[in-house]
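Quick note on the working numbering: the sequence shown kicks off at 11 and runs consecutively.
All C-beta atoms, glycine included, are put in the ideal place defined by N, C-alpha and C.
A quick note: this is a predicted structure, and the numbers were derived from the prediction, not measured.
Worksheet for the structure shown next.
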Amino acid sequence: MSFSSNVKSELSHHFGEARHCNIAEIAAIINMCGHISVSGENFCVKIQTENVVVARKCFTLLKKTFNIECEILLRRNTQLKKNRVYVLVLGNKNSEAKKVLSSAGLLHTNGDTIEIVNRIYPLVVSSTCCKRAYVRGAFLAAGSVSDPEKTYHMEFVSVSLSYSEDLKNLINTFGMDAKIVKRKEHYIVYLKEGEQIVDLLNIMEAHIALMEMENVRILKDMRNNVNRKVNCETANLNKTITASVKQVEDITFIMDKFGLSYLPKPLEEMAIARMDFPEASLKELGQMMEPPVGKSGVNHRLRKISDMAESLREDMVIDNG
11 MSFSSNVKSE
21 LSHHFGEARH
31 CNIAEIAAII
41 NMCGHISVSG
51 ENFCVKIQTE
61 NVVVARKCFT
71 LLKKTFNIEC
81 EILLRRNTQL
91 KKNRVYVLVL
101 GNKNSEAKKV
111 LSSAGLLHTN
121 GDTIEIVNRI
131 YPLVVSSTCC
141 KRAYVRGAFL
151 AAGSVSDPEK
161 TYHMEFVSVS
171 LSYSEDLKNL
181 INTFGMDAKI
191 VKRKEHYIVY
201 LKEGEQIVDL
211 LNIMEAHIAL
221 MEMENVRILK
231 DMRNNVNRKV
241 NCETANLNKT
251 ITASVKQVED
261 ITFIMDKFGL
271 SYLPKPLEEM
281 AIARMDFPEA
291 SLKELGQMME
301 PPVGKSGVNH
311 RLRKISDMAE
321 SLREDMVIDN
331 G
């Protein structure tokens, strides 16, 4: 299974301790993948999902919270990614659909007027535990998370901009930085920071997935650190080699034109050491001197040799001119 499927499978086995948390989770599922129809005084709710674990979780939530055993239909649709589509149907029997919708804050009554509202009802998510349950339900219904080995991305898909704004704001009450982007006919609430995705998995109480993602993040950070170190060492080595080649060229020029004895004694000793050990580091060259010289001292002497070589080249050009 994919990482996202594993997360949903884990969340499908987690139930809130309190009834109001279960109601919040049901509200999220209906908002995200439910269809509500009204005919006079009759209400019908159809919850559609391609994921069997989500269908089971929703069925169990309704049973535990409202003592309702809803009808489950299995349909086949070749246009969808998965051939099987599970449809949970809440009908008008004993006003079951109306009871669920009212509790979830999706049905508002004003006198004789009944309004279906596809928003997050503040009273349903008034406590932190209910907020967590709501986010969990939203992810089960219409969420996904990328394999952390490849990239960091979590998203929730909705057809309503106003609802997406509600969900984004709810997620951001936990200190997140969720954003919204439009993709064709849908609005996507998403997170792209690995640390925030880990935090949201914790908020939804997907602790096994959280540990798996943290392990992946640690390994990726270790690999990145090793790569950075290797790249840095390679760059430093290339820099050292380039400098050494230039130093050898300058010393060879002085040696061929004037002899190394032309140099002051300390510079002559350094020049001989560099010619004998062209791959030696500054530290290693310094240890060859008597008495030993520090890296800055070695660098200073080599720079003096290069400056002298450059000055001599310029003098030769003038003389030849």
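From the DSSP secondary-structure annotation, give me the bridge partner or partners of residue i.
{"i": "Glu81", "result": "Val99"}
{"i": "Ile46", "result": "Val55"}
{"i": "Ile126", "result": "Leu117"}
{"i": "Met214", "result": "For Met214, which the question treats as bridged, DSSP gives no partner whatsoever."}
{"i": "Ser154", "result": "Glu165"}
{"i": "Ile198", "result": "Val167, Val191"}
{"i": "Arg86", "result": "Arg94"}
For residue i, I'd like the list of residues in its chain whose CB is within less than 6 Å of its CB, leaving aside the five on either flank, ordered along the chain.
{"i": "Val346", "result": "This structure leaves residue 346 out entirely; the chain is present only between 11 and 331."}
{"i": "Cys139", "result": "Cys31"}
{"i": "Pro158", "result": "Met223, Val226"}
{"i": "Asn87", "result": "Val95"}
{"i": "Ser168", "result": "Ser174, Tyr197"}
{"i": "Ala283", "result": "Leu295, Met298"}
Excluding the 5 residues flanking residue i on each side, which residues of the same chain have their C-beta closer than 7 Å to its C-beta?
{"i": "Ala319", "result": "Asp260, Phe263, Ile264"}
{"i": "Val63", "result": "Lys18, Ser19, Ser22"}
{"i": "Leu220", "result": "Val208, Leu211, Asn212"}
{"i": "Ser307", "result": "The amino acid occupying residue 307 in the given sequence is Gly; Ser does not appear at that position. Closer than 7 Å at the Cβ level, and outside the excluded window around Gly307, lie Gly296."}
{"i": "Asn16", "result": "Ala219"}
{"i": "Phe69", "result": "Cys80, Ile82, Leu98"}
{"i": "Ser172", "result": "Arg129"}
{"i": "Pro301", "result": "none"}
{"i": "Glu279", "result": "Met299"}
{"i": "Ala216", "result": "Val17, Glu20, Leu21"}
{"i": "Ser321", "result": "none"}
Looking only at its chain, what residues have a beta carbon closer than 8 Å to the beta carbon of residue i, apart from the 5 residues adjacent to it on each side?
{"i": "Phe287", "result": "Glu294, Leu295, Met298"}
{"i": "Glu106", "result": "Phe76, Ile78, Cys80, Leu100"}
{"i": "Glu224", "result": "Val208"}
{"i": "Ser170", "result": "Asn128, Tyr197"}
{"i": "Ile124", "result": "Val48, Leu117, His118"}
{"i": "Val258", "result": "Arg284, Met285, Pro288"}
{"i": "Leu273", "result": "Ile264, Ala281, Ile315, Met318"}
{"i": "Tyr131", "result": "Ala37, Ala114, Gly115, Leu116"}
Between the C-alpha atoms of residue i and residue j, what's the straight-line distance to the nearest angstrom?
{"i": "Glu203", "j": "Lys192", "result": "19 Å"}
{"i": "Val145", "j": "Glu205", "result": "17 Å"}
{"i": "Ile33", "j": "Ser113", "result": "7 Å"}
{"i": "Thr161", "j": "Leu98", "result": "34 Å"}
{"i": "Val240", "j": "Glu289", "result": "19 Å"}
{"i": "Ala65", "j": "Ile126", "result": "23 Å"}
{"i": "Ser136", "j": "Glu27", "result": "16 Å"}
{"i": "Met285", "j": "Met164", "result": "59 Å"}
{"i": "Lys73", "j": "Leu111", "result": "15 Å"}
{"i": "Lys256", "j": "Ser12", "result": "55 Å"}
{"i": "Phe268", "j": "Asp325", "result": "13 Å"}
{"i": "Leu247", "j": "Ser271", "result": "31 Å"}
{"i": "Ser14", "j": "Arg29", "result": "27 Å"}
{"i": "Lys194", "j": "Met214", "result": "28 Å"}
{"i": "Arg238", "j": "Leu71", "result": "49 Å"}
{"i": "Gly185", "j": "Glu51", "result": "42 Å"}
{"i": "Arg233", "j": "Leu201", "result": "23 Å"}
{"i": "Cys242", "j": "Val303", "result": "26 Å"}
{"i": "Val236", "j": "Val155", "result": "27 Å"}
{"i": "Asn309", "j": "Thr244", "result": "20 Å"}
{"i": "Asn61", "j": "Phe25", "result": "18 Å"}
{"i": "Arg313", "j": "Asp266", "result": "19 Å"}
Using a threshold of 8 Å, state whether the C-beta atoms of residue i and residue j are closer than that.
{"i": "Lys141", "j": "Thr75", "result": "no"}
{"i": "Ala38", "j": "Gly147", "result": "yes"}
{"i": "Leu116", "j": "Ile181", "result": "no"}
{"i": "Ala315", "j": "Ala281", "result": "Correcting the residue identity first, residue 315 is Ile in this sequence and not Ala. In this structure, Ala281 lies closer than 8 Å to Ile315 by Cβ."}
{"i": "Phe53", "j": "Lys108", "result": "yes"}
{"i": "Leu277", "j": "Arg311", "result": "yes"}
{"i": "Arg94", "j": "Leu83", "result": "no"}
{"i": "Leu150", "j": "Lys67", "result": "yes"}
{"i": "Glu35", "j": "Ala152", "result": "no"}
{"i": "Gly292", "j": "Lys275", "result": "The sequence given here places Leu at residue 292; Gly does not occur at that position. It is not a contact, given that the beta carbons lie outside the stated cut-off."}
Mind checking whether the beta-carbon of residue i lies closer than 7 Å to any heavy atom of the ligand FAD?
{"i": "Asp187", "result": "Because no ligand of any kind appears in the structure shown, any question about the ligand FAD cannot be addressed here."}
Counting only beta-carbon atoms, is residue i nearer than 8 Å to chain C?
{"i": "Leu84", "result": "Of the protein chains in this structure there is only one, and it is not chain C."}
- Query: Are the region 36-44 and the region 56-68 in contact at 8 Å, needing three or more beta carbon pairs?
  - Reply: yes
- Would you call the region 225-232 and the region 244-255 touching, i.e. three or more CB-CB distances under 8 Å? Too few Cβ pairs lie closer than 8 Å, so no.
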